[in-house]
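Working notes, beginning with the structure itself.
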Amino acid sequence: MLFAALYSCQAISILQNQKITLATDKVSFDPSQKLLYIPAQINQKTTQLAFDTGAMFSGIFSAESICPNELKYAKRFGSVFGADHKKQAQKLVVLPVSSPLFNSENKVFAAVNMQQSVCKNPENRLQGVYGMDLFFHQEKALSLSFSTSCMQLLTNADAVKKANEEGYMMLSSTCKRNTLLVSAKIENKPFWFKLDSGFEGTMAVPYSSKNNFQNRVKTSYDGSAFQTAMSRTYGHEVFYSKMPFVLGEFTNQQQCVESSSIKYPLLGIRFMRGFDWIFDFKNKKIYAKRNGLQIPETYTNLFPYQTEASDKLRISLKAVHAKSFRLGDEILAVNGQKVTAENRCEMQRLLNSTLDWGQLELVVSGSN
């Protein structure tokens with residue numbers, strides 16, 4: 057979910073000089089993981105970066121460990137924007153990469169300072185993303201099959217043949233500015249959705265009074281609900297279950313978030329898993345075929361409160377109807393046990409898995 061605005065002439069020169077060679081090997085991914093991870097050798101180190109169809113540009117989130125020397129000589133460039141449209145100054149690093157899908161001696165990455173949860177083990181933290189800069193303006197199409205858990209690059213002729221012979225539908229879509237867009241409807245209202253495998257949800261649209269959704273199966277929240285490339289978002293979020301949705305010939309009811317913290321409509325990884333995809337970048341066409349994997353219809357874990365552990369353990373998300381605590385309140389103690397740096401992640405897990413906080417003995421300090 058990255059967007060790079062480049063201003064440095066040196067940065068533009070580095071980008072123009074990078075050479076990416078696409079391969080035709082299949083690469084398998086683990087369907088049990090939340091995101092799509094591609095194994096690769098980056099700077100002669102084995103690592104896995106997430107394949108993010110919503111990222112216009114590839115990024116490294118752990119440059120200090122992957123490429124500390126190259127980071128010292130990185131070129132400054134403009135800004136990187138997350139889904140919440142916040143920006144930060146960034147740098148470019150040039151690294152050799154070898155993977156089953158592509159190879160490059162001088163692949164350019166944005167060195168992004170991503171804020172990740174302190175409760176994630178270091179080995180589980182996202183190392184970075186491969187963005188759509190890998191495939192746009194190339195001659196090959198990409199097959200992304202969730203039914204077989206594999207990705208493969210195809211010639212354009214083979215992509216068209218596969219789509220025709222295997223019953224794919226060609227969507228009303230476009231591919232521009234390293235972005236995959238499909239036309240679909242919510243409650244018969246048209247939207248252009250970005251296909252975003254880096255968004256862990258099902259479907260999200262920007263909050264607007266013009267939407268005027270009639271679905272009453274919803275819960276409204278304030279606070280931080282999403283993680284972007286740089287930080288957690290903050291805004292008003294409305295979670296809908298069984299939202300009527302139409303994509304080409306496909307119709308269903310599915311989860312949807314109406315969010316004031318995103319700028320563009322998104323179809324995330326939980327939606328994308330329900331289809332197999334072919335992206336024909338050269339001809340700007342997108343094909344999809346429904347598979348047997350489930351697309352979530354309802355939300356089942358909409359608790360009144362959620363907490364986030366950073367330097368302190370605070371309430372980060374609050375249902376509008378919940379009145380017992382305030383957004384930003386710090387949790388000082390749980391059931392007589394003081395919250396410390398050593399146990400705050402354990403306390404976070406307990407609180408975030410407890411529907412009724414009235415069952416707990418809490419000591420809370422106001423956000424002020």
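In terms of my numbering, the sequence shown opens at residue 57 and continues consecutively.
We put the CB at the ideal spot given by N, CA and C, even for glycine.
Given the structure is predicted, the values throughout are model-derived calculations rather than measurements.
message: Would Gln310 and Phe295 be called neighbours here (beta carbons separated by less than 8 Å)?
response: Reading the sequence shown from its first residue, position 254 is the one you call residue 310. Reading the sequence shown from its first residue, position 239 is the one you call residue 295. It is not a contact, given that the beta carbons lie outside the stated cut-off.
- prompt: Which ranges would you report for the alpha helix (DSSP H) in the segment 164–251 if only whole runs of at least 4 residues count?
  reply: Taking 4 residues as the minimum length, the alpha helix (DSSP H) runs contained wholly in the segment 164–251 are 212–221, in order along the chain.
- prompt: Anyone know if the C-beta pair for Val149 and Glu120 falls short of 8 Å?
  reply: As a first step, residue 149 must be located in the sequence shown, where it is residue number 93. As a first step, residue 120 must be located in the sequence shown, where it is residue number 64. Between Val149 and Glu120, the C-beta gap is not smaller than 8 Å, which leaves the two residues out of contact.
query: What's the call for Val273, buried or exposed, on a 16-neighbour Cβ count within 10 Å?
result: If you number the sequence shown from 1, residue 273 lands on position 217. Per the 10 Å Cβ criterion, exposed.
message: Rounded to the nearest angstrom, what separates Lys232 and Asp86 at their Cα positions?
response: As a working note, residue 232 is residue 176 in the sequence shown. As a working note, residue 86 is residue 30 in the sequence shown. Lys232 and Asp86 have their C-alpha atoms some 29 Å from each other.
task: Just confirm the distance between the C-beta atoms of Val168 and Ile70, as a whole number of angstroms; I'd bet it's less than 8 Å.
output: Here residue 168 corresponds to residue number 112 of the sequence shown, with the count starting at 1. Here residue 70 corresponds to residue number 14 of the sequence shown, with the count starting at 1. With a contact defined as Cβ atoms closer than 8 Å, Val168 and Ile70 miss out at about 16 Å.
message: I need the straight-line Cα distance from Lys368 to Val395, nearest angstrom please.
response: On the sequence shown, position 312 is the one that residue 368 refers to. On the sequence shown, position 339 is the one that residue 395 refers to. Cα-Cα distance, rounded: 9 Å.
- request: Below 8 Å on the Cβ atoms is my guess for Asp385 versus Val419; work out the distance and round it to an integer in Å.
  value: Position 329 of the sequence shown, counting from 1, holds the residue named residue 385. Position 363 of the sequence shown, counting from 1, holds the residue named residue 419. Not really, about 11 Å apart at Cβ, beyond 8 Å.
- prompt: Ala389 bridges to which residues according to DSSP?
  reply: Taking the first residue of the sequence shown as position 1, residue 389 is located at position 333. Beta-bridge partners of Ala389 (DSSP): Lys394 and Val419.
message: Output needed for Lys128: all residues of its chain with C-beta closer than 7 Å, excluding positions within five of it in sequence on either side, in chain order.
response: Here residue 128 is taken as the residue at index 72 of the sequence shown, counted from 1. Around Lys128: no qualifying Cβ.
Cβ-Cβ distance between Leu323 and Phe202 below 8 Å: Counting from 1 along the sequence shown, the entry for residue 323 is found at position 267. Counting from 1 along the sequence shown, the entry for residue 202 is found at position 146. The answer is no: Cβ separation not under 8 Å.
message: In whole angstroms, give me the CA-to-CA distance for Lys245 and Met403.
response: By 1-based counting over the sequence shown, the position of residue 245 is 189. By 1-based counting over the sequence shown, the position of residue 403 is 347. Taking C-alpha positions only, Lys245 is separated from Met403 by approximately 42 Å.
task: With distances taken Cα to Cα, identify the nearest neighbour of Glu314 among Ile242, Asn162 and Gly414.
output: If you number the sequence shown from 1, residue 314 lands on position 258. Checking every option, the nearest Cα to that of Glu314 belongs to Ile242.
- prompt: Quick one, are the C-beta atoms of Met299 and Asn271 less than 8 Å apart?
  reply: On the sequence shown, residue 299 is found 243 positions in, with the first residue counted as 1. On the sequence shown, residue 271 is found 215 positions in, with the first residue counted as 1. Taking 8 Å as the Cβ cut-off, Met299 and Asn271 qualify as a contacting pair.
field: As assigned by DSSP and simplified to three states, the class of Phe255
entry: The count along the sequence shown starts at 1 and reaches residue 255 at position 199. Collapsing the DSSP output to three states places Phe255 in coil.
field: Distance, Val174 Cα to Ser366 Cα
entry: Your numbering for residue 366 matches position 310 in the sequence shown. Your numbering for residue 174 matches position 118 in the sequence shown. Distance between the alpha carbons of Ser366 and Val174: 6 Å.
- prompt: Is the beta carbon of Val390 less than 8 Å from the beta carbon of Leu373?
  reply: Looking up residue 390 in the sequence shown gives position 334. Looking up residue 373 in the sequence shown gives position 317. No, they are not a contact pair.
- request: Quick one: measure Cβ to Cβ for Ser297 and Thr354, integer angstroms, because I've assumed they're closer than 8 Å.
  value: Indexing the sequence shown from 1 puts residue 297 at position 241. Indexing the sequence shown from 1 puts residue 354 at position 298. Right, their Cβ atoms sit about 4 Å apart.
- request: Along the beta strand (DSSP E) that carries Ser297, what are the first and last residues, could you check?
  value: On the sequence shown, residue 297 is found 241 positions in, with the first residue counted as 1. For Ser297, the uninterrupted beta strand (DSSP E) run begins and ends at Gly291 to Leu303, by DSSP.
message: Considering only their Cβ atoms, is the gap separating Leu358 from Thr289 smaller than 8 Å?
response: Locating residue 289 in the sequence shown gives position 233, counting from the first residue. Locating residue 358 in the sequence shown gives position 302, counting from the first residue. Not closer than 8 Å, so no.
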